[in-house]
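Visitor: Below you'll find the structure I mean.
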Amino acid sequence: MTAHAAPSAAPASVRLETYRPVRTRLVWSTVGFGLFAVLVCALAPLVGTTHIDLARALDRSIPFADNADAQILLVARLPRVLAGALVGAALAAAGVVFQALLRNPLATPFTLGVSAGASLGAMVVIIFGGAVSVGILSPVPLASLAGAFAASAVVYLLATSPGRAISTTVLLLAGVTLNAFISALILFVQYLADFADVYRAARWLMGDLDVGGFDPIVAALPLLVAAAVGMVFLPSSLNLLSISADTASARGVDVARVQRGAFITGSLATSAAVAVGGPIGFIGIIVPHLVRLMVGSDHRVLLPASALFGAAFLVGCDLLARTVIAPVEIPVGVVTALLGGPFFLWLLVRKS
Amino acid sequence: MKGLQAQCLTGSVLRTLAVVALVIGALCSGVKTQSPAPAPRAATRIVSLVPSVTEMLFAIGAGSRVIAVSSFDHFPAEVETLPRVGALLDPDTERILSLKPDLVVTYGSQTELDVALHRAGIRTYSYRHGGVDGTLKTMRELGPLTGSEAGANAAAATVQARLDAVRRRVAGRDRPRTLLVFGREHGTLRSIYVAGGVGFMHDLLTIAGATNVFADFKRESAQPSKELLLVRKPDVVLEVQGTQATADASDAIKSWAALGSVPAVRNRRVQAIAGAFLVVPGPRLGEAAETIARAIHPDAF
């Protein structure tokens, strides 16, 4: 199926020519974006508001409990960078998937109400309290996952009928409506809340990657891995699906199945990301478009490249968030929009 | 859809800004304005929209003249039977007017309400949270307004005496570098809110014989990163559980264990105290200072 990616109107010779470059482009973009992501993730833990002595931090002869440098590196910074990389990759990839599924360039991982559901869950726990933990999942992430799953399930049940392709319009309208409905519930819950809680709740909505250990990451990992494995099978079908469902189905794509796969993997990735870092905005819409401007819109290249760039981008944003006006931190969701917006506009104007 | 998204985004940003503005407003120093110019007559029908001022009114002996309170008032017990007229964000202007008050205590940011009440010829007392000194000053100012001048001075003196007693109790002792935590996500070290270097929490900590590790941070509250907590190395971590009646340190001890190099963690000085009186800047400040001092200097009592 990979050979059919080029528009059907293209002459055969062009199609043959584009076949090889796609593979080459995939290799080069993966290597390029991968190196960039690795570089950013490797450098980020070394930078912070305090200077740490790396040799001392890695010195095993000093007991960990006494080694402040090691704790800063391994408790304060490394989990944070890892969380940023995973959340960034998940949101960017989910953005690509939802844009293809909904055939709409304005779709984001948050369009279909997943993050609104997650936020409502988190708000309820933050405001009304609740101390239910499951294993290493603490109450707020747990509630946020529950909310995300509930919202996704509602949208899924509303928009799908057994064995038939999903109507993009119905899916979009159901998602957007649910989004608005849940947002109203969030406002209502906040209105009932005590003052300090409202601030805490509002702060949660701005995103925070200071996870303080590996537990929240480990807890989210199974979901992220499941989403990533699912997404591996999507790209070539997404190429056809993003043209139209008819085209895809004429080319032998099981449209209903691919749509369900896209919805479920995208929602899984988004749920896990929001549970770890809160609803960090902008990554899911800006990174896919940024990368599209750089590598083109072939999903086989776009999806992995977006995930890698999303990881690097969010880690970079969080690095700025925690250092620029230290000791105060800028909420990372604010940095992504402040930085991503102008960068995207610049690229947009330059390319067109 | 973009419109919707933008709208949601703008909405949430605006909400956030509003909340932040309110919080910052609440944290700025205790500037109090009194408008219009002080009337000669003492108030007999008082509506208080600020819980800490309600406490002060009762403490100075003007409690019997309080006819309505905010939705967040729970102390003293007498307020439970009084009518509720909304709070900071949702004052019920109609209800307030219908009660025919002659003095309404509003918060500093409720300027629209002030204007509405002035138009109806009702006096307002605009209050903002300040430090311990601001609280005592407010208590004294409420005296002439409510005809309880002697009561107000006596009540302020009582609080002052209690604070001084705590100060004397801990005088000359080491002042452990203390982190005062008043918010933390249960079961984790996330969303930690601590007392900064201004405001009554910081003042109480100082009176109780501790050094605030964030004293240099000139705001009432801070949300430090784990890195900053590791760097500041507090000797004592004191969690204030303002919404709970009894202290529960177990979750705090479990969660803080992740930062093993923090002296407070190593020396088992992660502690918890509970009670609403710890987080309301009113006449119970003396009690709050004593509770904090007992936690920090258990051997001094």
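As they're listed, the protein sequences go chains A and B. Sequential numbering of the first sequence, starting at 0, is according to numbering that gives the first Met the number 0. Sequential numbering of the second sequence, starting at 0, is according to numbering that gives the first Met the number 0. All C-beta atoms in this analysis are idealised placements derived from N, C-alpha and C, irrespective of residue type, glycine included. Because the structure is a prediction, the values reported are computed rather than measured.
#1: List, in order along the chain, the chain B residues whose C-beta lies closer than 7 Å to that of T49 of chain A?
#2: Using a 10 Å radius around the Cβ and a threshold of 16 neighbouring Cβ atoms, would you call T9 of chain B buried or exposed?
#3: Do we get a CB-CB distance below 8 Å when we pair F302 of chain B with the residues of chain A?
#4: Among residues of its own chain, excluding the 5 on either side of P50 of chain B, which ones have a beta-carbon nearer than 8 Å to its beta-carbon?
#5: Count the other CB atoms within 10 Å of the CB of I284 of chain A; is the residue buried (16 or more) or exposed (fewer)?
#6: Report yes or no: do the segment 330-339 of chain A and the segment 271-283 of chain A share at least 3 C-beta pairs separated by less than 8 Å?
#7: For chain B, find out if any of its Cβ atoms is closer than 8 Å to the Cβ of S132 of chain A; answer yes or no.
#8: Does the beta carbon of L203 of chain B sit closer than 8 Å to a beta carbon anywhere in chain A?
#9: Starting from L102 of chain B and walking both ways along the beta strand (DSSP E), at which residues does that stretch end?
#10: Can you tell me which of the three DSSP states R194 of chain B falls into?
#11: Is there a C-beta anywhere in chain A that falls below 8 Å from the one on F79 of chain B?
#12: Are the segment 32-52 of chain A and the segment 236-251 of chain B in contact at 8 Å, needing three or more beta carbon pairs?
#13: What ranges does the beta strand (DSSP E) occupy inside the segment 209-244 of chain B, keeping only unbroken runs of at least 3 residues that lie completely in it?
#14: Identify, in the order they occur along the chain, each residue of the same chain with its Cβ nearer than 6 Å to the Cβ of L112 of chain B, setting aside the five sequence neighbours on each side.
#15: Could you name the residues of chain B that D65 of chain A contacts, counting a contact when the two beta carbons are closer than 9 Å?
#16: Below 8 Å between beta carbons: does that hold for L307 of chain A and R291 of chain A?
#17: Could you check where the alpha helix (DSSP H) with V74 of chain A kicks off and where it finishes?
#18: Check whether the Cβ of F276 of chain B lies closer than 8 Å to any Cβ atom in chain A.
#19: Locate the alpha helix (DSSP H) running through R122 of chain B, then write down its first and last residues.
#20: Would V86 of chain A pass as a contact of L313 of chain A if the rule is Cβ separation under 8 Å?
#21: Between F187 of chain A and chain B, is any beta-carbon pair separated by less than 8 Å?
#22: Using 8 Å for Cβ pairs, my map puts G302 of chain B next to G60 of chain B. What's the rounded Cβ distance?
#23: Which residues in chain A have a C-beta closer than 7 Å to the C-beta of F216 of chain B? List them in chain order.
#24: Hey, is S190 of chain B's beta-carbon within less than 8 Å of any beta-carbon in chain A?
#25: State yes or no: is the C-beta of I334 of chain B within less than 8 Å of the C-beta of L162 of chain B?
#26: If you measure from the beta carbon of W345 of chain A to each beta carbon in chain B, is any gap under 8 Å?
#27: With a Cβ-Cβ cutoff of 8 Å, do V235 of chain B and A273 of chain B count as a contact?
#28: My assumption, with CB atoms under 8 Å, is that V74 of chain A sits in contact with G260 of chain A. Please give the rounded CB distance.
#29: Using the beta-carbon of each residue, which ones in chain B are nearer than 8 Å to A274 of chain A?
#30: Rounded to whole angstroms, what is the Cα-Cα separation between F109 of chain A and I295 of chain B?
#31: In whole angstroms, what separates the C-alpha of P62 of chain A from that of R172 of chain B?
#32: Go ahead and label S60 of chain A buried or exposed: buried means 16 or more other beta carbons lie within 10 angstroms of its beta carbon, across all protein chains shown.
#33: Specify the secondary structure class of Q109 of chain B as computed by DSSP and reduced to three states.
#34: Classify P104 of chain A as buried or exposed, calling it buried when 16 or more other Cβ atoms lie within 10 Å of its own Cβ.
#35: Report yes or no: do three or more beta-carbon pairs, one from the segment 204-219 of chain B and one from the segment 162-177 of chain A, lie closer than 8 Å?
#36: Output, in chain order, the set of chain A residues within a Cβ distance shorter than 9 Å of H128 of chain B.
Guide: Looking at the coordinates:
#1: If you number the first sequence from 1, residue 49 of chain A lands on position 50. Going along chain B in sequence order, the residues near T49 of chain A (Cβ under 7 Å) are E226 and V230.
#2: Counted from its first residue, the second sequence places residue 9 of chain B at position 10. Here the model assigns T9 of chain B a pLDDT of 45, short of 50, so the residue's position is not dependable and the matter cannot be decided.
#3: Outside the shown range of chain B (0 to 300) lies residue 302 of chain B, about which nothing can therefore be said.
#4: Counting from 1 along the second sequence, the entry for residue 50 of chain B is found at position 51. Excluding sequence neighbours, P50 of chain B sits near V68, S69, F71, D72, H73, F74, V279 and G281.
#5: Residue 284 of chain A sits at position 285 when you count from the first residue of the first sequence. I284 of chain A should be labelled buried.
#6: Contact holds: three or more Cβ-Cβ distances are below 8 Å.
#7: Translated into the one-based positions of the first sequence, residue 132 of chain A becomes position 133. It does; some Cβ of chain B falls within 8 Å.
#8: Position 204 of the second sequence, counting from 1, holds the residue named residue 203 of chain B. No, no contact with chain A.
#9: Your numbering for residue 102 of chain B matches position 103 in the second sequence. Its beta strand (DSSP E) spans residues L102 to Y106.
#10: As a first step, residue 194 of chain B is located in the second sequence; it is residue number 195 there, counting from the start. Checking the sequence, you will find Ala at residue 194 of chain B rather than Arg. Strand at A194 of chain B.
#11: Taking the second sequence and counting its residues from 1, one reaches residue 79 of chain B at position 80. In the sequence as displayed, the identity of residue 79 of chain B is Glu instead of Phe. So, not an interface residue.
#12: With contact defined as three or more Cβ pairs closer than 8 Å, the segment 32-52 of chain A and the segment 236-251 of chain B are not in contact.
#13: 235-240
#14: Numbered from its first residue, the second sequence carries residue 112 of chain B at position 113. Cβ neighbours of L112 of chain B beyond the five flanking positions: P90 and T105.
#15: Counted from its first residue, the first sequence places residue 65 of chain A at position 66. Those are G259, S260 and R265, listed as they occur along chain B.
#16: Working through the first sequence from its first residue, we reach residue 307 of chain A at position 308. Working through the first sequence from its first residue, we reach residue 291 of chain A at position 292. It is not a contact, given that the beta carbons lie outside the stated cut-off.
#17: What you label residue 74 of chain A is simply residue 75 of the first sequence in a count that begins at 1. Unbroken run through V74 of chain A: none, as it is neither H nor E.
#18: Sequence index remark: in the second sequence, residue 276 of chain B carries index 277 (1-based). Not closer than 8 Å to any Cβ of chain A, the Cβ of F276 of chain B fails to qualify, so no.
#19: Taking the first residue of the second sequence as 1, we reach residue 122 of chain B at position 123. Taken as a continuous stretch (DSSP letters only), R122 of chain B belongs to no alpha helix (DSSP H), being part of the beta strand (DSSP E) at R122 to Y126.
#20: In the first sequence, residue 86 of chain A corresponds to position 87, counting from 1. In the first sequence, residue 313 of chain A corresponds to position 314, counting from 1. Yes; because the gap between Cβ atoms is below 8 Å, this pair is in contact.
#21: Position 188 of the first sequence, counting from 1, holds the residue named residue 187 of chain A. Taking Cβ atoms only, chain B never reaches closer than 8 Å to F187 of chain A, which makes this a no.
#22: In the structure as shown, chain B begins at 0 and stops at 300. Residue 302 of chain B is therefore absent and cannot be evaluated.
#23: Along the second sequence, one-based indexing puts residue 216 of chain B at 217. Within chain A, the residues near F216 of chain B are P326.
#24: Counted from its first residue, the second sequence places residue 190 of chain B at position 191. Yes, its Cβ sits closer than 8 Å to a Cβ of chain A.
#25: In the structure as shown, chain B starts at 0 and stops at 300, and residue 334 of chain B therefore has no counterpart that could be examined.
#26: Taking the first sequence and counting its residues from 1, one reaches residue 345 of chain A at position 346. Closer than 8 Å: no.
#27: On the second sequence, residue 235 of chain B is found 236 positions in, with the first residue counted as 1. On the second sequence, residue 273 of chain B is found 274 positions in, with the first residue counted as 1. Taking 8 Å as the Cβ cut-off, V235 of chain B and A273 of chain B do not qualify as a contacting pair.
#28: As a working mapping, residue 74 of chain A is identified with position 75 in the first sequence. As a working mapping, residue 260 of chain A is identified with position 261 in the first sequence. Wrong, their Cβ atoms sit about 37 Å apart, outside the cutoff.
#29: One-based indexing of the first sequence puts residue 274 of chain A at position 275. What A274 of chain A touches in chain B: nothing, since even the nearest Cβ is about 12 Å away.
#30: The sequence position of residue 109 of chain A within the first sequence is 110, counting from 1. The sequence position of residue 295 of chain B within the second sequence is 296, counting from 1. Near 47 Å, if we compare the C-alpha coordinates of I295 of chain B and F109 of chain A.
#31: Reading the first sequence from its first residue, position 63 is the one you call residue 62 of chain A. Reading the second sequence from its first residue, position 173 is the one you call residue 172 of chain B. A direct Cα-Cα distance of roughly 31 Å separates P62 of chain A from R172 of chain B.
#32: By one-based count along the first sequence, residue 60 of chain A stands at place 61. Exposed, since its Cβ has fewer than 16 Cβ neighbours within 10 Å.
#33: The residue labelled residue 109 of chain B in the question sits at position 110 within the second sequence. The answer is coil: DSSP assigns Q109 of chain B none of H, G, I, E or B.
#34: Translated into positions along the first sequence, residue 104 of chain A becomes position 105. Classification for P104 of chain A: exposed.
#35: no
#36: Position 129 of the second sequence holds residue 128 of chain B. Ordered by position in chain A, no residue passes the 9 Å Cβ test against H128 of chain B, which lies about 11 Å from the chain.
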